[in-house]
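Before any comments, here is the structure.
Numbering (this note's numbering), first residue to last: 8 to 204.
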């Protein structure tokens, strides 16, 4: 498994210990570099090393703080299929990591073998997340008891949002008693509709 190590202190020592555990550490950068690079593409020696290595790795091992883990960094790693392993120093750091939905959170003082042991589970989680969805069409039903307000509005807005994502959408008003979607959309309601089908 290939990794980038982004920590504050003794990064080269930690990298050599991880290498002893069989982890191929491609680059060692400061903990702030990934977030800064993701925010504005700031290059320099560390920024160049980070972006160059990001294309080659499976995992970013990051010392998490509020300033080092950002939505821009998480988005960048997601687009590159790079999983983030969080190293946290206290409860606040752990809450930050949890707020971004990181699955692998370890103490900042974790030994290299503990980090190495956690990495196979990261690879398994990444494979599970990258599995394609079922190839067949999906059906979404908006339902509520008779007289419930907002069902048609929710169904229409859901169809609009799904269609924006370049998906094919069919909006069916299957209410046999009082269909209202055609009228809501300003379409002529000339036939008996779904009840006759």
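Note that the Cβ used here is the ideal one computed from N, Cα and C, for glycine as well.
Task: Cβ contact check for the segment 52-67 and the segment 20-36: 3 or more pairs under 8 Å - done: yes
TODO: Return the residue from the list 126, 76, 171 and 23 that minimises the CA-CA distance to residue 108.
DONE: Per the C-alpha coordinates, the member of 126, 76, 171 and 23 positioned closest to residue 108 is 76.
Task: Boundaries of the alpha helix (DSSP H) in which residue 163 is found, first to last residue - done: In the DSSP assignment, residue 163 falls within the alpha helix (DSSP H) that extends over 158-171.
TODO: Would you mind sorting residue 147 into buried or exposed? The rule is 16 or more other CB atoms within 10 Å of its CB.
DONE: exposed
Task: With 16 other Cβ atoms within 10 Å as the buried cut-off, status of residue 27 - done: exposed
Open item on the list: Is the separation between the beta-carbon of residue 125 and that of residue 92 shorter than 9 Å?
Closed with: yes
Open item on the list: For a quick check, are the C-beta atoms of residue 66 and residue 94 less than 9 Å apart?
Closed with: no
Task: Cutoff 7 Å; reference residue 176; Cβ partners in own chain excluding five residues on either side - done: The residues are 166, 169 and 170.
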